[in-house]
Amino acid sequence: NAGVTQTPKFQVLKTGQSMTLQCAQDMNHNSMYWYRQDPGMGLRLIYYSASEGTTDKGEVPNGYNVSRSTTEDFPLRLLSAAPSQTSVYFCASSGTGSRAFFGQGTRLTVV
Amino acid sequence: KNEVEQSPQNLTAQEGEFITINCSYSVGISALHWLQQHPGGGIVSLFMLSSGKKKHGRLIATINIQEKHSSLHITASHPRDSAVYICAVRRSQGNLIFGKGTKLSVKP
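Chains as they are written, first to last, in my numbering: chain A, 1 to 111; chain B, 1001 to 1108.
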């Protein structure tokens, strides 16, 4: 099993550009998450989805959008990139009673 | 106050030492996760606990639901255990909240 597949691994954007970070899991997990990790801040929740068709805002949702049209996929869209969105992004999934599984991370730089 | 607090923030140990990392939380949870993040960034889930104790190799995780506290123990520590260890709690709504992590360095 691939687990959680997150792409791309690295990305450089210009301010104002939009892009989508892809996340897919093949474990039939209900819950999926997007986090960003910044030095000294730990992992902060951007959005999460408890099941297909539902999404909820986390701690830092501004400037991002998500959708959960299938159980497998949970893409994160940056609407208009800003330098403050320079960060490392992690997608994760978990099922009831199971450990959490993480993607490899995306290192995003906005210039 | 953070909902998930870890201690210590940084920990340096000599190879072979017994290590304990603590996690306290202030919210109702359905489960608690211990994660490991190595330099280079990948995050690996070590344990998921809802009660009692779990053991995997040299790693032991315990949780006390009444006291809202969990510990991660590493026996016979080794330099390859050097990493950031993160505690995360799963709320009843399904979202995960993370502690800020404990940076462990094990010296040979």
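Positions of the beta carbon are idealized from the N, C-alpha and C atoms, including for glycine. Every value quoted in this text rests on a predicted model; they were computed, and no experiment measured them.
key: Proximity winner among B:1082, B:1073 and B:1087, relative to residue 1032 (chain B) (alpha-carbon distances)   = Here residue 1032 (chain B) refers to the residue found at position 32 when the second sequence is read from its first residue. Of the listed residues, the one whose Cα sits closest to residue 1032 (chain B) is B:1087.
task = Taking only beta-carbon positions, decide if residue 10 (chain A) is within less than 9 Å of chain B.
result = Numbered from 1 along the first sequence, position 10 holds the residue referred to as residue 10 (chain A). It does not: the Cβ of residue 10 (chain A) has no partner Cβ on chain B nearer than 9 Å.
request  = Compute the Euclidean distance between the alpha carbons of residue 20 (chain A) and residue 111 (chain A), then round it to the nearest angstrom.
outcome  = The residue you call residue 20 (chain A) lines up with position 20 of the first sequence. The residue you call residue 111 (chain A) lines up with position 111 of the first sequence. Going from the Cα of residue 20 (chain A) to the Cα of residue 111 (chain A) covers about 17 Å.
task = Give a yes or no on whether the minimum CB-CB distance between residue 27 (chain A) and chain B is below 9 Å.
result = Your numbering for residue 27 (chain A) matches position 27 in the first sequence. Closer than 9 Å: no.
inquiry  = DSSP has residue 1043 (chain B) in a bridge; who is on the other side?
reply    = The residue given as residue 1043 (chain B) occupies position 43 in the second sequence. Bridge partners of residue 1043 (chain B): B:1037.
request  = With DSSP as the reference, please indicate the residues paired to residue 68 (chain A) in a beta bridge.
outcome  = Stepping through the first sequence from its first residue, residue 68 (chain A) is reached at position 68. BP columns for residue 68 (chain A) are empty, so no partner.
message = So, with DSSP's three-state summary, where would you put residue 26 (chain A)?
response = The sequence position of residue 26 (chain A) within the first sequence is 26, counting from 1. Reduced to three states, the DSSP call for residue 26 (chain A) is coil.
query = Looking only at C-alpha atoms, which of A:92, A:60, A:13 and A:44 sits nearest to residue 24 (chain A)?
reply = Taking the first residue of the first sequence as 1, we reach residue 24 (chain A) at position 24. Of the listed residues, the one whose Cα sits closest to residue 24 (chain A) is A:92.
ask   = How about residue 1057 (chain B): is its C-beta nearer than 9 Å to some C-beta of chain A?
value = Translated into the one-based positions of the second sequence, residue 1057 (chain B) becomes position 57. No, its Cβ sits nowhere closer than 9 Å to a Cβ of chain A.
Pairwise C-alpha distance: residue 1048 (chain B) and residue 1125 (chain B) = What is shown of chain B runs 1001 to 1108, which leaves residue 1125 (chain B) out entirely.
query = With distances taken from CA atoms, which of A:80, A:108 and A:79 is nearest residue 87 (chain A)?
reply = Counted from its first residue, the first sequence places residue 87 (chain A) at position 87. The candidate whose alpha carbon is nearest that of residue 87 (chain A) is A:108.
key: Same chain, Cβ closer than 8 Å to residue 1053 (chain B), five either side skipped, listed in chain order   = Your numbering for residue 1053 (chain B) matches position 53 in the second sequence. Closer than 8 Å at the Cβ level, and outside the excluded window around residue 1053 (chain B), lie 1060, 1061, 1062 and 1063.
request  = Find out if the Cβ-Cβ distance for the pair residue 1104 (chain B), residue 1011 (chain B) is shorter than 9 Å.
outcome  = For the purposes of this step, residue 1104 (chain B) is identified with residue 104 of the second sequence, where counting begins at 1. For the purposes of this step, residue 1011 (chain B) is identified with residue 11 of the second sequence, where counting begins at 1. Yes, the Cβ-Cβ distance between residue 1104 (chain B) and residue 1011 (chain B) is below 9 Å.
query = Which runs of the beta strand (DSSP E) fall wholly inside the region 32–58 of chain A and span at least 3 residues, in chain order?
reply = 42–49
message = For residue 90 (chain A), count the other beta carbons within 10 Å of its own beta carbon; 16 or more makes it buried, fewer makes it exposed. Which is it?
response = Translated into the one-based positions of the first sequence, residue 90 (chain A) becomes position 90. Under this definition residue 90 (chain A) is a buried residue.
task = Look up residue 84 (chain A) in the DSSP assignment and say whether it is helix, strand or coil.
result = As a first step, residue 84 (chain A) must be located in the first sequence, where it is residue number 84. Three-state DSSP puts residue 84 (chain A) in a helix.
query = Along the region 16–40 of chain A, what residues have a CB closer than 9 Å to any CB found in chain B?
reply = 30, 31, 33, 35, 37 and 40
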